[in-house]
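Novice:
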Amino acid sequence: MTAANKTSVPMMKQEIDALKKQYNNKECYFCGAPYTKNHNCPARGKTCSKCNKLNHFAKVCKSKGVNEISQQEAGTSASEFMIDTVNSMPVKHTDRPDAVIRIVDQKLDLVFKINTGAEANVLPVSDYNSMVPKPRLQPTKDILTSYSGERLQVLGFVELCICYKEGEKQVNQFHVVNTDRKPILSRKTSQNMKLIKFILNVQNEPATSMKPETARILEEYEDVFEGVGKLPGKCKIHLKEGAVPTVQPPKRVPIALQEKLKEELDRLEVMGIIEKTTTPTEWVNSIVVVQKPNGSLRICLDPVDLNKWVQRPYHQIPSFDDVAAKCSGSNTFFKLDARQGCWSMELDEESSLLTTFSTTFGRYRWKRYPFGVKSAQDEFQRKMEEVFEGLDIGLIIDDIAGTAANTEDHDAKLRLVLQRAREKGVRFNRDKCIFNALNIPYFGHLLTTEGIKADPEKTKAIANMPAPESHEQLQVLLGMYNYLARYIPNLSTLNHPLRELSKSKTYDWTTQHENARKQIQASICKNLSYFDHKSRNVKVIVDASQHGLGAQLVVDNKTVAFGSRSLSGAEKRYSQIEKEMLAVTYACKHFRQYIYGRTTTVTTDHKPLESILKKPISKAPPRLQRMMIAVQNYDIQVIYRPGSEIPVADALSRLHLPETDPDTQHDSEFADQTVWVKLDHNARWQKALILEKYKYAPRSYILQTENGKVYRQNRRQIRERNESMSTEPQFEATSPEPSIPGDQSHVSPRAQIGIEHPHSVPSSPTNFPTPPRATTTPAERFATPLADTATAESPSRSPSHLTQRPRQPLRGTTRSGRITQPPTRLNL
């Protein structure tokens with residue numbers, strides 16, 4: 001044996017021992033994936049982004065991180081707390097690493113050490129004992145470790161309302177530790193309180209074209225782009241004579257969301273947006289609670305009953321012509337977008353009581369204008385005109401357009417606007433602002449150095465419409481052309497090849513047909529009507545097909561703009577009424593610059609939508625609630641028309657653009673809704689709330705049952721409320737078991753959608769019947785995922801020879817999938 005072979009023998013033995021160890025733990029040490037026989041590790045040859053070493057991924061890296069928190073909670077992963085991938089540099093208080101922080105409720109000032117590396121706030125037990133009254137100490141399993149590796153004794157955590165000087169009040173979590181050190185503020189808390197400022201080193205971003213002087217102005221007025229504004233004066237909500245007050249009971253909130261709801265109520269109360277009240281009020285509204293993708297909640301007022309009696313103070317919105325007249329000779333532009341306009345308007349005492357809403361934690365009233373009250377848009381336009389009166393700018397609702405002949409004039413105007421905003425309490429959304437631009441989009445048009453141009457977005461749905469692929473699609477296209485005949489000169493000549501093809505028995509799309517289609521659609525785009533902002537007759541026509549959405553904007557019976565998009569994978573599984581409501585939501589968002597602040601008629605060919613939008617939001621299903629909230633700020637009235645009367649929207653939905661909504665294309669299939677779940681193979685179905693999608697398994701979800709316990713379950717053990725759980729077996733097993741009606745746990749979830757059965761689960765969010773107990777065979781319990789097809793069916797029994805090794809639970813879970821939540825390690 002050579003020396004090389006002698007050296008390789010112990011190396012091979014070490015590798016075999018490592019593989020055995022990995023197999024026993026059922027998790028690969030190099031990639032983190034569940035370990036199986038003949039495991040081909042994807043991390044082999046890869047470089048770790050954490051330590052830059054080979055053959056492993058960052059999520060299983062053994063190198064010690066700096067001040068790293070690994071806090072495993074429902075909806076939170078350790079990677080969210082990593083800080084070694086961000087280049088940060090504190091630029092404030094660099095000479096004074098300590099800050100005096102005010103504990104608001106206890107009226108106590110403490111000197112905190114600002115630690116930009118720590119991700120946990122630490123409060124010594126001595127400081128905790130000095131607080132009067134003492135905040136409630138809550139238990140925790142978190143483990144804190146110092147730089148030297150010393151484990152700190154954690155007694156629990158408390159939630160404190162803190163502020164720095166005269167800054168904004170915030171509620172933060174502090175770990176109470178048995179130590180004599182100074183209290184510590186974490187990176188995140190210090191950044192939120194503006195004690196430090198982080199400069200992010202973003203890769204692959206194009207260099208900004210902002211002029212140096214403009215950048216200095218924005219830095220000088222940095223406060224104008226932060227927080228929520230407060231306009232001068234108070235607003236009053238006027239009611240019509242004979243208004244009949246209504247009192248709505250508190251809306252039932254799932255147990256899993258009650259703690260988050262209380263946190264959001266406390267946050268809004270600290271910000272001064274709402275206030276708890278015990279005063280008797282004639283009006284008590286309901287609220288709608290929606291969970292955001294990041295897990296936090298959005299609280300929205302449901303003012304359906306209140307809006308019936310609100311007297312709208314109609315205020316004339318400036319026309320686009322008023323802004324366009326100022327663009328002559330302009331060479332540079334800027335655009336500002338006001339942040340959270342409604343919340344910047346303060347209500348008087350009487351109006352605030354009208355917005356009282358009830359929760360399980362008591363009654364609250366809005367101190368600022370809540371979104372959804374139909375008088376808000378007129379009041380905001382009036383307030384903004386008063387604030388910026390005398391300045392040479394264009395102002396339509398929350399969009400400010402500024403034009404200038406040169407850079408110096410641009411900066412001078414921008415400084416005047418920002419100074420006025422600072423004085424009057426206006427705040428802007430920095431991400432939506434544009435500076436030093438040669439053109440800016442503004443209410444359906446482009447303001448350019450060459451004058452006014454049409455925004456290509458409003459005709460993109462027609463210009464990029466795909467060619468029809470069948471006789472049926474061609475008939476739909478011809479119907480749309482006939483409806484838009486006024487915009488197509490010589491239509492009968494241009495569409496002659498298409499009409500001949502529609503009569504043919506065979507469908508053969510040639511270059512002649514394609515050229516005719518392009519000429520017709522180019523003519524439509526060229527001859528579209530100009531949008532008159534003074535017009536009162538504004539109508540939006542919408543339609544939804546199985547694969548796409550279509551929308552048409554009509555003003556004074558003249559088509560102005562189009563819109564269409566395809567449905568995402570999750571949206572295609574929506575019920576028809578949800579698709580039709582999604583089309584309304586899409587149209588309002590797409591045509592926002594035209595219809596916001598105007599009474600708009602929305603036409604649909606789905607009659608149930610007409611009645612459901614007249615009901616309170618709280619009585620709608622959860623998915624429809626989110627869509628109804630999205631259109632709350634628009635003054636729309638939905639009416640029904642047969643599909644034959646809306647051929648354009650119908651064609652746009654069938655021949656839609658391939659793009660989807662970027663805000664929804666990555667949505668979970670369930671989108672935080674209540675579902676049925678089976679936690680064990682022989683357990684009953686029970687209700688649970690989807691918290692998030694489990695990112696390490698593509699078809700698994702984190703959910704919480706009604707008793708508050710958190711589980712991870714595969715899609716096969718989850719059913720939507722409109723999915724059936726009953727089917728008849730395709731064939732019998734060799735050892736059949738008694739069949740129980742109502743069991744369909746083994747059927748592909750996608751195959752069940754749309755199946756109606758007497759034992760199917762109702763779609764109502766309340767009064768759920770107890771689903772029947774399911775009976776499954778061992779082969780069914782460990783069956784592989786079925787094909788993603790709406791026509792696939794699964795047998796209710798499997799042959800007796802079909803066996804498979806039982807699935808092992810992942811580390812940190814029980815066999816049923818419940819997360820055991822072991823103590824997590826927090827490095828401080």
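Residue 172 in full-length UniProt numbering sits at position 172 of the sequence shown, with consecutive numbering throughout.
Even for Gly, the Cβ is constructed at its ideal location relative to N, Cα and C.
Note that the coordinates shown come from a computational prediction; the quantities given were computed from them, not determined experimentally.
1. Determine which residues share a DSSP beta bridge with Cys235 and list them.
2. Which of helix, strand or coil does DSSP assign to Ile617?
3. Could you tell me the distance, in whole angstroms, from the CA atom of Glu213 to the CA atom of Glu220?
4. If contacts are defined as beta-carbon pairs under 8 Å, then Asp348 and Lys236 qualify, I think. What distance do you get, rounded to the angstrom?
5. Are residue 840 and Ile114 close, meaning C-beta to C-beta below 7 Å?
6. According to DSSP, simplified to helix, strand and coil, what is Asp543?
7. Using beta-carbon positions only, say whether residue 837 and Lys59 come within less than 7 Å of one another.
8. If I'm right that Ala522 touches Leu657 with Cβ under 8 Å, what's the distance once you round it to whole angstroms?
9. Please go through the same chain and pick out, in chain order, the residues whose beta-carbon is closer than 6 Å to the beta-carbon of Ile636, but skip the five residues on each side of it.
10. Can you tell which of Leu110, Val154, Tyr640 has its C-alpha closest to the C-alpha of Glu580?
11. Gly45: buried (16+ other C-beta within 10 angstroms of its C-beta) or exposed?
12. Cutting at 6 Å between CB atoms, please list the residues of its own chain near His56, excluding the five before and the five after it.
13. Going by DSSP, what residue range makes up the beta strand (DSSP E) through Ala437?
14. Within the same chain, show all residues whose beta-carbon is closer than 8 Å to that of Thr511, passing over the 5 residues directly before and after it, in chain order.
15. Below 7 Å between beta carbons: does that hold for Thr179 and Pro124?
16. Locate the alpha helix (DSSP H) running through Lys607, then write down its first and last residues.
17. Alpha carbons only, please: which of Val289, Ala256, Leu108, Glu264 is nearest the one belonging to Lys619?
18. For Glu780, which of helix, strand or coil comes out of DSSP?
19. Using beta-carbon positions only, say whether Phe334 and Phe225 come within less than 7 Å of one another.
20. Mind checking Ile255: buried by the 16 CB within 10 Å criterion, or exposed?
21. Would you please state the rounded distance, in angstroms, between the beta carbons of Phe174 and Asn121? I believe it to be under 8 Å.
22. When we look at the beta-carbon of Pro139 and count the other beta-carbons within 10 Å, is it buried (16 or more) or exposed?
23. Closer than 8 Å by C-beta to Arg420: which residues in its own chain qualify, once you throw out the five before and the five after it? Chain order, please.
24. For the segment 295-311 and the segment 271-286, state whether three or more C-beta atom pairs, one from each stretch, are separated by less than 8 Å.
25. Less than 7 Å separating the beta-carbons of Ile397 and Tyr596?
26. Can you tell which of Lys615, Arg298, Pro280, Thr449 has its C-alpha closest to the C-alpha of Asn307?
27. Per DSSP, His590 is paired with what?
28. May I ask which residues mark the beginning and end of the alpha helix (DSSP H) holding Pro622?
29. Please return the same chain residues whose Cβ sits closer than 8 Å to the Cβ of Pro318, not counting the five positions on each side in sequence.
30. What span of residues does the beta strand (DSSP E) with residue 894 cover, start to end?
31. Do you know offhand how far Ala405's Cα is from Phe428's?
32. List in chain order: all unbroken beta strand (DSSP E) runs of 3+ residues lying wholly within the segment 160-197.
33. Starting from Cys300, trace the beta strand (DSSP E) both ways and give me its first and last residue.
34. Is there contact between the segment 459-475 and the segment 500-507, where contact requires at least three CB pairs shorter than 8 Å?
35. Determine the contact status of residue 830 and Ala583, defining contact as a CB-CB distance below 7 Å.
36. Taking only runs of the alpha helix (DSSP H) that begin and end inside the segment 110-164, which ones reach a length of at least 4 residues, in chain order?
Specialist: Straight from the coordinates:
1. Its beta-bridge partners are Leu347.
2. helix
3. 11 Å
4. 5 Å
5. Nothing can be reported for residue 840, as the shown portion of the chain is limited to 1 through 828.
6. strand
7. Because the chain spans 1 through 828 in this model, residue 837 falls outside it and cannot be assessed.
8. That pair is no contact at about 17 Å.
9. Thr600, Val602
10. Tyr640
11. Per the 10 Å Cβ criterion, exposed.
12. Phe30, Ala43, Cys48
13. 434-437
14. none
15. In this structure, Thr179 places its C-beta atom within 7 Å of the C-beta atom of Pro124.
16. 607-612
17. When only C-alpha atoms are compared, the closest one is Val289.
18. Residue placement at Glu780 cannot be trusted, given a pLDDT of 40 that sits under 50; what the coordinates show is reported in the next sentence. Here Glu780 sits in helix by DSSP.
19. no
20. exposed
21. Between Phe174 and Asn121 the beta-carbon gap is near 4 Å, inside 8 Å, which marks them as a contact.
22. With fewer than 16 other Cβ atoms inside 10 Å of its own Cβ, Pro139 counts as exposed.
23. Val387, Phe388, Leu391, Val426
24. Three or more Cβ pairs closer than 8 Å define a contact, and the segment 295-311 meets that threshold against the segment 271-286.
25. yes
26. Lys615
27. Answer by DSSP bridge pairing: none, since His590 is not bridged.
28. 622-630
29. Gly394, Leu395, Ile396, His533
30. Any property of residue 894 remains undetermined from this structure, which presents the chain solely from 1 to 828.
31. Going from the Cα of Ala405 to the Cα of Phe428 covers about 24 Å.
32. 170-177
33. 297-302
34. yes
35. No statement about residue 830 is possible, as the shown extent of the chain runs from 1 to 828 and does not include it.
36. 125-129
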